[in-house]
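If you're matching them up, the sequences are chains A and B in order. Reading the first sequence from the start, the letters are residues 1 to 333 in our numbering. Reading the second sequence from the start, the letters are residues 334 to 598 in our numbering.
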Amino acid sequence: MDGYAGVWILAEQKDGRIQRISHELLTRGRALADKRGAPLTAVVLGWRVAQPDLDDLIARGADRVLLVDDERLAHFLPDSFAACLGHLIRTERPEIIIAGATSTGRTLMPLVAVQVGAGLTADCTILDIEEGSGHLLQTRPAIGGNILATINCPDHRPQMATVRPRSTPVALPAAGRKGEIVRTGAVAEALESRVVRISFEETGEENELGEADVVVAVGRGIKRAENLKLVQPLVQALGAALGASRDVIDRGWLSYPHQIGLSGKTVNPKLYIALGISGAIQHLAGMQTAETIIAVNSDPDAQIFKVADYGVVGDLFEVVPALAQQLQRMGGR
Amino acid sequence: MKIIVPIKQVPETSAVRMDEATGTIVREGAKAIVNPLDLYAIETALMIKEAQGARVTALTMGPPSAINALKEAVAMGCDDALLLTDKRFAGADTWSTSYVLACAIRKLGIPDLVICGERATDGDTGQVGPGVAGWLGLPVLSYIAGVELPEGGRMRVRRMVEDGYEVLETPLPALLTVVKEVANPRLPTLRGKQRAKKLEIPVWKPEDIDAEVVNLGLKGSPTRVVKIHRPKVGRACEKLPAGDAAALDAASRKLAAVIVGTGVL
């Protein structure tokens, strides 16, 4: 496809600081750009973005940072972000654009894809370039992770994809890497938003399940809300995020942001510890790609053991304190 | 007030099984249901209807059998429904699907609200809702976990993001995609079921929604599935007994060693 060149990643910022997902996208973007023999651009939409963070994008692999810095881009609002990104795409005609499969990326990218007539694939875990054609190959789990579909977009440009957070390591900075930072003003009307952000309510740890290296998740086997405090020493020893199966949420023992599974969050941690979770298909859909899975359940036939690497058949109220103690003895947190 | 709720018929996930021998998932025989996440969209619309009066229309694109999903929406309390079915719609990706739904909504008349589920449990993309908003030029509010009633042509919502909740205000018309926290879906009532049985649901084709045929179905979709792979989801579980104190001690030592081995500490 003539006239389209270059690989873009959409960096995310919060309060002017570049977020981790951006560094994961640089890992993906650098590999794609090298295979295409094309430059890698990090697009940053934000306000008062920290200069060291911008330099850091170059140190971690970007050849160019394309920055629109405006007060009206301080927080993600779909109208202004989509108009801005759409404007940049129409002016610069990149071949590939990837963003994080986050609440921002998964809202912004489909809006922009219909604006610019681009193909878009959601929540990819593998990206590659097809030999010969040079098309972007986008592989994603579907039907709750039970199939992996590889998708391409032969006749439309740009090719767009969102990438599952934590599905690749962050790109590390290399001293002395060179690149340019281009500040560009978007057309003024592109920055207007019909939706207004009134306020923000921080919920802290519990919402960051999708970002955690270790997830400790509880199921119906926890028996009652008061028992949750019994898993806290383990959660703390591991610096883990606390998740739960649907049962626990529906009983009101934990709030919805903790829910893992088909109607909740999908997590992809290095370590997943399932405590008293039976392993319904809907739950497995949200966690079966974890690198290492440990399950504790008193029922030796529980389905969770079928997807686990290690399974303890026993009472979680005995196993959890014993394990927490063992970890503390070994000098864990 | 007019509200349109686009829904999708999906295979029931709880009916799928794991093949013991191959460790892959078998979907055969799974029955079709309304996408569970769409029930929250229907409920949100019905809550608004009850509080201040609204005409709620359920809309779907799918095979002729998708009429059953619409009947369920009517049984829950939707006033009417519309089925988009045609061979030319088949094989659409999210870009083409959102185009077709947007054409139908435009033909029905832009309502005050379009309310979608956050994503469907089969495709799992979450792209159709924002896509429809893109085609129609409506403000999009995604991941909505709470709504206030519309007032004076404006509406406030609570949007769930990774580290908290945003409170947003939008003018109407607008499109929302909602998550589970927004409401508790009601069950269909007997009266609703009877109404659904009798209700004549119109069936529309591309000509009825002024859709350009080049944008339809597999041919009109920018993306192509080039390969499907069924990963082995089953793992060889090493079982550790913990029946007595000695076994418990051995098990916790072993687990601690495994945890250290993952490098997370």
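A virtual CB, placed ideally from N, CA and C, is assigned to each residue, including glycine.
Query                                                                                                                                   : Result
DSSP-derived helix/strand/coil call for alanine 82 of chain A                                                                           : helix
Three-state secondary structure (DSSP) of alanine 149 of chain A                                                                        : strand
CA-to-CA distance, arginine 64 of chain A to asparagine 207 of chain A, given in whole angstroms                                        : Residue confidence is low: asparagine 207 of chain A scores 46 on pLDDT, short of 50, so the model does not pin down where it sits. Its coordinate-derived value is still stated next. Straight-line Cα distance between these residues: approximately 32 angstroms.
Under 7 angstroms by beta carbon: chain A residues contacting glycine 497 of chain B                                                    : Phe200, Glu201, Glu202, Thr203, Asn207
Given 8 angstroms, three or more beta-carbon pairs between the segment 365-373 of chain B and the segment 426-433 of chain B            : no
Per DSSP, the bridge partner or partners of threonine 121 of chain A                                                                    : A:Ala161
Residues near glutamate 345 of chain B in its chain [Cβ-Cβ closer than 6 angstroms; skip 5 each side]                                   : Ala363, Lys364, Ile366
Close Cβ partners of lysine 440 of chain B (< 6 angstroms) along its chain, the five nearest in sequence each way excluded              : Ile542
Span of the beta strand (DSSP E) around lysine 335 of chain B                                                                           : 335-339
C-alpha gap between arginine 528 of chain B and aspartate 123 of chain A, whole angstroms                                               : 40 angstroms
CB of leucine 45 of chain A within 8 angstroms of CB of cysteine 84 of chain A, strictly                                                : yes
Counted within 10 angstroms of its Cβ, other Cβ atoms place alanine 33 of chain A as buried (16 or more) or exposed                     : buried
Integer Cβ distance of isoleucine 277 of chain A from isoleucine 304 of chain A, believed to fall under 8 angstroms                     : 5 angstroms
Contact set for arginine 333 of chain A: own chain, Cβ-Cβ below 7 angstroms, skip 5 residues either direction                           : Here arginine 333 of chain A scores only 47 on pLDDT, less than 50, and its place in the model is too uncertain to base an answer on.
Sufficient close CB pairs (3 or more, under 8 angstroms) joining the segment 545-557 of chain B to the segment 165-173 of chain A       : no
Cα-Cα separation between isoleucine 342 of chain A and glutamine 259 of chain A, rounded to whole angstroms                             : Here chain A covers residues 1 to 333 and nothing more, so residue 342 of chain A does not appear.
Enclosing alpha helix (DSSP H) for tryptophan 468 of chain B [first to last residue]                                                    : 461-469
Burial state of threonine 390 of chain B (16 or more Cβ within 10 Å)                                                                    : buried
6 angstroms Cβ shell around glutamate 481 of chain B - same chain, five flanking residues per side excluded                             : Arg489
For glycine 576 of chain B and arginine 36 of chain A, the rounded distance between their alpha carbons                                 : 57 angstroms
Arginine 502 of chain B: contacting residues in chain A (beta-carbon distance under 9 angstroms)                                        : Reading off the sequence, residue 502 of chain B comes out as glutamate, not arginine. Those within 9 angstroms of glutamate 502 of chain B in chain A are Val195, Val196, Arg197, Ile198.
Amino acids of chain A, ordered along the chain, whose beta-carbon sits closer than 8 angstroms to that of tryptophan 468 of chain B    : Val114
Beta-carbon spacing of arginine 90 of chain A, valine 116 of chain A below 8 angstroms                                                  : yes
Rounded straight-line distance, which links the Cα of leucine 417 of chain B to that of histidine 75 of chain A                         : 37 angstroms
Any chain B beta carbon closer than 8 angstroms to valine 163 of chain A                                                                : no
Cβ neighbours of valine 195 of chain A in the same chain (closer than 8 angstroms, five flanking residues each side left out)           : Leu77, Pro78, Asp79
Per-residue burial, glutamate 24 of chain A [other beta carbons within 10 Å of its own, 16 or more giving buried]                       : buried
Sequence-distant residues of the same chain with beta carbon closer than 7 angstroms to arginine 177 of chain A, five excluded per side : Ile58, Ala59
6 angstroms CB neighbourhood of alanine 295 of chain A in its chain, flanking five on each side removed                                 : Ala274, Ile304, Phe305, Ala308, Gly311
Pair within 8 angstroms by beta-carbon distance, arginine 421 of chain B and leucine 520 of chain B                                     : no
Arginine 563 of chain B versus isoleucine 9 of chain A - alpha carbon distance                                                          : 29 angstroms
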